[in-house]
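Numbering (this note's numbering), first residue to last: 189 to 485. We put the beta carbon where it would ideally sit given N, CA and C, even for glycine.
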Ligand SMILES: [Zn+2]
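Structure follows, in structure tokens:
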């Protein structure tokens, strides 16, 4: 059997051409999207999906048109967070119509296509070899979602990334070099060590990372109405990125997410104000980026 490095280019399979053709359709599909903002971490369990939906709500409240692509195909949360589990994808001439939340946030998530608890199978050519095909199949599905949806004109397309440091680079390639990144960290050295790896990985891409959000920075106790520490000491791992803001863990928000309620139904959440400030900061940085791009053009 040939080793991986013995195979020249795509080994005569014409896969590369197909990917290029599909990538062209992705670029066309996203032509009306002003800003693609990928929300990642590298680490799972840091509240990335909830933060993505909260940012979408805050950006929407500030008058932006926003959609979310839930890129976590086998761990989709956005359908539940936006209460669009029953959102059916209706085909139209310009692509499938994006299901929207009550306030008009578009949500494309496998959670609407695959009811729980079904898991997506990445089909392989021979049984027992799905591991060989997983990444190829996964990104083919993602390119199809990006190319096949009618995204329309959007101020922001937020992309909720799955965990995995190496996939961050693959997503940067998929979304193109103008896509911006925001990383989610928590005050735990274990998690921050992984976020630091994501920063390192992103430094090797042409993409700009706006900064990181410190999530779960203490938890809010509704009895004493104060934020108490959630992690024992100050984190030792410093992240080489600007901090866009800190958000406390909000038990009320966690309960709401588990109930399957839409975040739009909870205007009084403790995390609402800090997330709003982060959204303002993101808007400011994004307008700075586009002014810079115009200057260079
Ligand atoms: Zn208390």
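- Residue 409 is bridged by DSSP to 414.
- Here the residues close to ligand 1, judged by CB distance below 6 Å to any of its heavy atoms, are 409, 411, 412 in chain order.
- For residue 222, the three-state secondary structure derived from DSSP is strand.
- Around the beta carbon of residue 430, a 10 Å sphere encloses fewer than 16 other beta carbons of the protein chains shown; the residue is thus reported as exposed.
- Between the beta-carbon of residue 423 and that of residue 377 there is about 6 Å, and that keeps the pair under the 8 Å contact cut.
- Residues of the same chain with a CB within less than 7 Å of the CB of residue 365, apart from the 5 flanking positions on each side, are 394, 395 in chain order.
- In chain order, 239, 370, 371, 372, 373, 431, 432, 433, 434, 435, 466 place their CB closer than 8 Å to the CB of residue 401, counting only its own chain and leaving out the 5 sequence neighbours on each side.
- Pairwise C-beta distances place the region 329 to 347 in contact with the region 282 to 293, as three or more of them are shorter than 8 Å.
- Between residue 270 and residue 459 a beta carbon distance of about 17 Å is seen, past the 8 Å cut, so the two are scored as non-contacting.
- Sequence-distant partners of residue 263 (beyond 5 residues in either direction) whose C-beta falls short of 6 Å from its own C-beta are missing from its chain.
- Nearest to residue 291 by alpha-carbon distance, out of 253, 231, 385, 310, is 253.
- Under the DSSP definition of a beta bridge, residue 388 lacks any partner.
- Separation of the CB atoms of residue 300 and residue 267 is rounded to 5 Å, and the pair is thereby assigned contact status at 8 Å.
- 380 is the residue among 420, 214, 408, 380 whose C-alpha sits nearest the C-alpha of residue 229.
- Per DSSP, reduced to three states, the secondary structure at residue 213 is helical.
- Non-local beta-carbon contacts of residue 417 in its own chain, meaning distances under 6 Å to residues more than five positions away in sequence, involve 406 in chain order.
- Between residue 387 and residue 397, the C-beta gap is smaller than 8 Å, which places the two residues in contact.
- The shortest CA-to-CA distance from residue 220 to any of 293, 447, 478, 344 is the one to 344.
- Residue 471 places its beta carbon less than 8 Å from that of residue 250.
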